[in-house]
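Participant: A single structure is presented below for examination.
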Amino acid sequence: MEMKTIAKKHSLVEDVQTNNGNEDCETPTAVKTANRKQNFADSNALDTLKPGSQIRPIVSEEEVRKLAERLYGIIVLEMCELDSYDDRNFMIQADSFVKNPILKSVNTNGYVMKIANSLDSSDESFFHAQNEIMLHLSKRGIKCPVPVLNIYGKYHSVEKLDQSNHVVRLLEYIPGKVFHGVPHPDKLFYQAGQFIARIDSALKVSTL
1 MEMKTIAKKH SLVEDVQTNN GNEDCETPTA VKTANRKQNF ADSNALDTLK PGSQIRPIVS
61 EEEVRKLAER LYGIIVLEMC ELDSYDDRNF MIQADSFVKN PILKSVNTNG YVMKIANSLD
121 SSDESFFHAQ NEIMLHLSKR GIKCPVPVLN IYGKYHSVEK LDQSNHVVRL LEYIPGKVFH
181 GVPHPDKLFY QAGQFIARID SALKVSTL
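Residue 1 is where the sequence shown starts when you use the UniProt record's numbering, and the numbers rise one by one after that.
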(Lines of atoms letter the chains of each structure in order from A; the text may use other names.)
(Lines give C-alpha, C1' and ligand atoms only; values in the text may rest on other atoms or scores of the structure.)
Protein backbone atom coordinates (compact mmCIF):
# COMPACT_ATOMS: atom_id res chain seq x y z
CA MET A 1 0.00 0.00 0.00
CA GLU A 2 2.76 2.44 0.93
CA MET A 3 4.68 1.82 -2.31
CA LYS A 4 1.52 2.31 -4.38
CA THR A 5 0.76 5.57 -2.59
CA ILE A 6 4.28 6.87 -3.19
CA ALA A 7 4.16 5.82 -6.85
CA LYS A 8 0.80 7.51 -7.25
CA LYS A 9 2.08 10.71 -5.71
CA HIS A 10 5.14 10.82 -7.99
CA SER A 11 2.95 10.05 -11.01
CA LEU A 12 0.62 12.92 -10.15
CA VAL A 13 3.54 15.33 -9.84
CA GLU A 14 4.97 14.21 -13.18
CA ASP A 15 1.59 14.64 -14.90
CA VAL A 16 1.19 18.15 -13.56
CA GLN A 17 4.71 19.14 -14.60
CA THR A 18 4.24 17.68 -18.08
CA ASN A 19 0.82 19.17 -18.75
CA ASN A 20 1.23 22.59 -17.15
CA GLY A 21 4.97 23.19 -16.96
CA ASN A 22 4.69 24.78 -13.53
CA GLU A 23 4.66 22.48 -10.51
CA ASP A 24 4.71 25.29 -7.95
CA CYS A 25 1.54 26.97 -9.22
CA GLU A 26 -0.44 23.97 -10.43
CA THR A 27 0.46 21.08 -8.10
CA PRO A 28 -2.50 20.07 -5.88
CA THR A 29 -2.26 21.30 -2.30
CA ALA A 30 -1.95 17.80 -0.84
CA VAL A 31 1.03 17.03 -3.06
CA LYS A 32 2.74 20.34 -2.30
CA THR A 33 2.25 19.74 1.41
CA ALA A 34 3.77 16.27 1.12
CA ASN A 35 6.73 17.68 -0.80
CA ARG A 36 7.31 20.40 1.80
CA LYS A 37 7.26 17.82 4.58
CA GLN A 38 9.77 15.67 2.71
CA ASN A 39 12.09 18.64 2.09
CA PHE A 40 11.86 19.57 5.77
CA ALA A 41 12.69 15.99 6.77
CA ASP A 42 15.63 15.89 4.37
CA SER A 43 17.09 19.11 5.75
CA ASN A 44 16.64 17.97 9.34
CA ALA A 45 18.32 14.67 8.59
CA LEU A 46 21.61 16.53 8.27
CA ASP A 47 21.19 17.82 11.83
CA THR A 48 20.24 14.49 13.35
CA LEU A 49 22.73 12.56 15.46
CA LYS A 50 23.36 9.12 14.04
CA PRO A 51 23.88 6.21 16.49
CA GLY A 52 27.54 5.68 17.26
CA SER A 53 28.62 9.09 15.93
CA GLN A 54 31.48 10.81 17.74
CA ILE A 55 30.51 14.47 18.08
CA ARG A 56 32.16 15.29 21.42
CA PRO A 57 35.39 17.27 20.96
CA ILE A 58 38.58 15.26 21.34
CA VAL A 59 41.01 17.72 22.88
CA SER A 60 43.72 17.61 25.54
CA GLU A 61 44.41 20.20 28.23
CA GLU A 62 47.61 21.13 26.41
CA GLU A 63 45.60 21.85 23.26
CA VAL A 64 43.22 23.99 25.32
CA ARG A 65 46.19 26.00 26.61
CA LYS A 66 47.39 26.53 23.05
CA LEU A 67 43.91 27.55 21.87
CA ALA A 68 43.64 30.09 24.69
CA GLU A 69 46.96 31.66 23.77
CA ARG A 70 46.55 31.53 19.99
CA LEU A 71 42.94 32.73 19.85
CA TYR A 72 42.72 35.02 22.89
CA GLY A 73 46.31 35.90 23.73
CA ILE A 74 46.01 34.68 27.32
CA ILE A 75 48.39 32.43 29.21
CA VAL A 76 46.66 29.73 31.26
CA LEU A 77 47.89 29.41 34.84
CA GLU A 78 45.30 26.95 36.14
CA MET A 79 42.66 24.87 34.43
CA CYS A 80 40.03 22.28 35.30
CA GLU A 81 37.37 20.63 33.17
CA LEU A 82 33.71 21.24 34.00
CA ASP A 83 30.84 18.83 33.50
CA SER A 84 29.32 18.67 30.04
CA TYR A 85 27.51 16.08 27.94
CA ASP A 86 28.39 16.53 24.26
CA ASP A 87 30.63 19.61 24.60
CA ARG A 88 33.85 20.29 26.50
CA ASN A 89 34.04 23.14 29.03
CA PHE A 90 37.23 24.27 30.77
CA MET A 91 37.51 26.66 33.71
CA ILE A 92 40.59 28.83 33.18
CA GLN A 93 42.60 31.16 35.39
CA ALA A 94 44.79 33.41 33.25
CA ASP A 95 48.00 35.34 33.77
CA SER A 96 47.60 39.11 34.04
CA PHE A 97 49.85 39.49 30.99
CA VAL A 98 47.71 39.48 27.84
CA LYS A 99 48.82 39.36 24.21
CA ASN A 100 45.42 40.35 22.88
CA PRO A 101 45.17 44.08 22.00
CA ILE A 102 41.37 43.86 22.13
CA LEU A 103 41.34 42.43 25.66
CA LYS A 104 42.31 45.34 27.90
CA SER A 105 42.41 43.42 31.18
CA VAL A 106 42.03 39.90 32.54
CA ASN A 107 38.85 38.86 34.31
CA THR A 108 40.00 38.06 37.85
CA ASN A 109 37.24 35.47 38.27
CA GLY A 110 38.57 33.55 35.30
CA TYR A 111 37.04 32.26 32.09
CA VAL A 112 35.26 29.25 30.67
CA MET A 113 36.46 27.98 27.33
CA LYS A 114 33.56 26.25 25.62
CA ILE A 115 34.30 23.84 22.78
CA ALA A 116 31.04 22.79 21.13
CA ASN A 117 30.29 19.39 19.66
CA SER A 118 30.70 18.94 15.91
CA LEU A 119 26.96 18.55 15.24
CA ASP A 120 25.96 21.89 16.78
CA SER A 121 29.09 23.50 15.33
CA SER A 122 27.74 22.92 11.82
CA ASP A 123 25.35 25.84 12.37
CA GLU A 124 27.30 28.95 13.40
CA SER A 125 24.14 31.06 13.48
CA PHE A 126 23.12 29.19 16.63
CA PHE A 127 26.21 30.45 18.47
CA HIS A 128 25.94 33.92 17.00
CA ALA A 129 22.43 34.17 18.45
CA GLN A 130 23.60 32.93 21.86
CA ASN A 131 26.43 35.46 21.91
CA GLU A 132 24.14 38.34 20.97
CA ILE A 133 21.61 37.37 23.64
CA MET A 134 24.27 37.30 26.37
CA LEU A 135 25.64 40.67 25.29
CA HIS A 136 22.12 42.11 25.06
CA LEU A 137 21.26 40.97 28.60
CA SER A 138 24.55 42.21 30.02
CA LYS A 139 24.00 45.67 28.55
CA ARG A 140 20.68 45.80 30.38
CA GLY A 141 22.26 45.11 33.74
CA ILE A 142 21.51 41.39 33.95
CA LYS A 143 24.43 39.45 35.35
CA CYS A 144 25.30 36.65 32.95
CA PRO A 145 28.38 35.20 31.26
CA VAL A 146 29.49 37.28 28.30
CA PRO A 147 31.66 36.17 25.37
CA VAL A 148 35.16 37.57 24.94
CA LEU A 149 36.46 38.89 21.63
CA ASN A 150 39.32 36.86 20.21
CA ILE A 151 42.36 38.41 18.54
CA TYR A 152 40.43 38.49 15.25
CA GLY A 153 37.63 40.57 16.75
CA LYS A 154 35.16 37.68 16.75
CA TYR A 155 33.12 36.18 19.58
CA HIS A 156 33.68 32.64 18.31
CA SER A 157 35.77 30.73 15.82
CA VAL A 158 35.63 27.33 14.15
CA GLU A 159 38.65 25.15 14.86
CA LYS A 160 39.58 21.74 13.48
CA LEU A 161 40.27 19.33 16.33
CA ASP A 162 41.04 15.70 15.54
CA GLN A 163 39.57 15.96 12.02
CA SER A 164 36.30 17.60 13.17
CA ASN A 165 35.23 21.24 13.19
CA HIS A 166 34.22 22.72 16.53
CA VAL A 167 33.05 26.18 17.58
CA VAL A 168 35.32 27.64 20.27
CA ARG A 169 34.30 30.48 22.59
CA LEU A 170 35.63 32.08 25.75
CA LEU A 171 33.13 33.37 28.32
CA GLU A 172 33.77 35.39 31.44
CA TYR A 173 33.24 33.18 34.47
CA ILE A 174 30.72 34.21 37.13
CA PRO A 175 31.35 32.57 40.51
CA GLY A 176 28.40 31.21 42.42
CA LYS A 177 26.50 28.10 43.44
CA VAL A 178 24.07 26.07 41.39
CA PHE A 179 20.42 26.13 42.46
CA HIS A 180 20.19 22.52 43.64
CA GLY A 181 23.27 22.91 45.85
CA VAL A 182 21.77 25.41 48.32
CA PRO A 183 18.79 25.47 50.72
CA HIS A 184 15.46 26.42 49.13
CA PRO A 185 13.60 28.95 51.28
CA ASP A 186 10.54 30.62 49.77
CA LYS A 187 12.51 33.83 49.34
CA LEU A 188 14.92 32.11 46.97
CA PHE A 189 12.10 30.99 44.67
CA TYR A 190 10.69 34.52 44.74
CA GLN A 191 14.07 35.98 43.78
CA ALA A 192 14.48 33.39 41.03
CA GLY A 193 11.10 34.38 39.63
CA GLN A 194 12.07 38.04 39.69
CA PHE A 195 15.32 37.30 37.87
CA ILE A 196 13.60 35.22 35.20
CA ALA A 197 11.02 37.98 34.72
CA ARG A 198 13.82 40.53 34.20
CA ILE A 199 15.37 38.30 31.56
CA ASP A 200 11.99 37.87 29.85
CA SER A 201 11.37 41.62 29.83
CA ALA A 202 14.84 42.35 28.47
CA LEU A 203 14.47 39.83 25.66
CA LYS A 204 11.13 41.34 24.62
CA VAL A 205 12.91 44.56 23.71
CA SER A 206 15.74 42.73 21.95
CA THR A 207 16.76 44.10 18.57
CA LEU A 208 18.11 40.74 17.35
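Think of the CB as a built atom: it goes at the ideal place given N, C-alpha and C, for glycine as much as any other residue.
Between F127, I55, K114 and D83, which has its C-alpha nearest R65's C-alpha?
Facilitator: The residue with the shortest Cα to Cα distance from R65 is K114.
Participant: Go to G93, then tell me how far its beta strand (DSSP E) extends in each direction, as first and last residue.
Facilitator: Before going further, note that residue 93 is Gln rather than Gly in the sequence given. Per DSSP, Q93 belongs to the beta strand (DSSP E) from R88 to V98.
Participant: How close, in whole Å, do the beta carbons of P147 and R169 come, if the pair is a contact with beta carbons under 8 Å?
Facilitator: Contact flag correct, Cβ pair sits at about 5 Å.
Participant: With a 10 Å radius around its C-beta and 16 neighbouring C-beta atoms as the bar for buried, classify P57 as buried or exposed.
Facilitator: P57 comes out buried.
Participant: Taking D95 as the reference, which of A192, D123 and I74 has the closest Cα?
Facilitator: Residue I74 is the option with its Cα nearest to D95.
Participant: Which of helix, strand or coil does DSSP assign to T33?
Facilitator: With a pLDDT of 49 at T33, under the threshold of 50, the modelled position of this residue cannot be trusted; read the value that follows with caution. Note: T33 maps to helix in three-state DSSP.
Participant: Please tell me whether N117 and D83 are closer than 7 Å, where the distance is taken between their beta carbons.
Facilitator: No. Outside cutoff.
Participant: When DSSP labels each residue in this structure, what does H166 get in the three-state scheme?
Facilitator: It is a strand residue.
Participant: What distance in whole Å lies between the Cβ atoms of N107 and Y173, which are believed to be in contact at a cut-off of 8 Å?
Facilitator: Confirmed, about 7 Å.
Participant: Going residue by residue through the region 51-85, where are the continuous alpha helix (DSSP H) segments of at least 4 residues, counting only ones entirely within it?
Facilitator: Listed in chain order, they are 61-72.
Participant: Give the straight-line distance between the Cα atoms of E63 and I55, rounded to the nearest whole angstrom.
Facilitator: Between E63 and I55, the C-alpha separation is close to 18 Å.
Participant: Distance check for S105 and V98, CA to CA, integer angstroms please.
Facilitator: Spanning the two alpha carbons is a distance of roughly 7 Å.
Participant: Do you know how far the Cα of E78 is from the Cα of F127?
Facilitator: Taking the straight line joining both Cα atoms gives about 26 Å.
Participant: Where does Y190 land, buried or exposed, given buried means 16+ other C-beta within 10 angstroms?
Facilitator: Label assigned to Y190: exposed.
Participant: Taking the continuous alpha helix (DSSP H) assigned at K143, which residues delimit it?
Facilitator: Looking at the DSSP string, K143 is not in any alpha helix (DSSP H), and its letter there is neither H nor E.
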